[in-house]
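Numbering (the numbering used here), first residue to last: 183 to 341. Beta carbons: idealized from backbone N, C-alpha and C, even for Gly. Values in this document were obtained by computation on a predicted structure and should not be read as measured data. Only one structure is covered here, and it is reproduced in the block below.
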């Protein structure tokens, strides 16, 4: 049995929901939006569902990391969550089209820790806002990653 690829979306701060649904619809991917319920999510159509976890701030991340499989694509801006998904063998992509890999996640975690420290000292700021080029890069990267997930699913032994 081939495990079908899915999009697992860290939905609370996702700025590219429409783009994800467009790619999912074209490729026939199931899409699961996981949220802690802090922001409303409009009910999507197609092979899409919403999972609301209400037990705490990191429970959506826990759900995604627990659920991730070798053919899933974790869509998140959360670097520690991306690392957890990669550790399970899943794919991971941020909302600006940057693929997370075993080769770059360690330095991303270190950079995140440094940025957090600087913010605690009153220095630095958050990431720049999402722009049109970011959405275009995201769509291209998501499509490429989805094709890789499809190839991986087809290459997996039955059962």
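Element boundaries [beta strand (DSSP E), containing residue i]
{"i": "residue 233", "result": "230-234"}
{"i": "residue 267", "result": "Not the beta strand (DSSP E): residue 267 falls in the alpha helix (DSSP H), residues 261-269."}
Beta bridge counterpart(s) of residue i as assigned by DSSP
{"i": "residue 213", "result": "189 and 230"}
{"i": "residue 282", "result": "274"}
{"i": "residue 196", "result": "Paired residues: none, contrary to the question."}
{"i": "residue 203", "result": "Bridge partners of residue 203: none, in fact."}
{"i": "residue 255", "result": "189 and 273"}
Own chain residues within Cβ distance below 7 angstroms of residue i, not counting five before or after
{"i": "residue 260", "result": "192 and 243"}
{"i": "residue 207", "result": "228"}
Supposed close pair residue i, residue j - CB separation, criterion 8 angstroms
{"i": "residue 197", "j": "residue 273", "result": "The pair is not a contact, with the Cβ atoms about 19 angstroms apart (cut-off 8 angstroms)."}
{"i": "residue 205", "j": "residue 316", "result": "With 8 angstroms as the limit, residue 205 and residue 316 do not qualify as a contact, their Cβ atoms being about 15 angstroms apart."}
{"i": "residue 327", "j": "residue 185", "result": "Actually they do not touch by this definition, with Cβ atoms about 16 angstroms apart."}
{"i": "residue 262", "j": "residue 323", "result": "So it is not a contact: roughly 20 angstroms between Cβ atoms."}
{"i": "residue 202", "j": "residue 252", "result": "Contact doesn't hold; Cβ gap of about 20 angstroms is too wide."}
{"i": "residue 334", "j": "residue 279", "result": "Not quite, the Cβ-Cβ distance comes to about 20 angstroms (not below 8 angstroms), so this is no contact."}
Same chain, Cβ closer than 8 angstroms to residue i, neighbours up to 5 away in sequence not counted
{"i": "residue 254", "result": "187, 188, 189, 190, 267, 272, 273 and 331"}
{"i": "residue 393", "result": "There is simply no residue 393 to check, as the chain begins at 183 and stops at 341 in what is shown."}
{"i": "residue 219", "result": "234, 235 and 236"}
{"i": "residue 210", "result": "229"}
{"i": "residue 245", "result": "216, 233 and 235"}
{"i": "residue 238", "result": "218"}
{"i": "residue 313", "result": "none"}
Endpoints, the alpha helix (DSSP H) within which residue i is located
{"i": "residue 321", "result": "314-337"}
{"i": "residue 248", "result": "241-249"}
Residues of its chain near residue i, where Cβ-Cβ distance is below 6 angstroms and the 5 sequence neighbours each way are ignored
{"i": "residue 270", "result": "250"}
{"i": "residue 321", "result": "201"}
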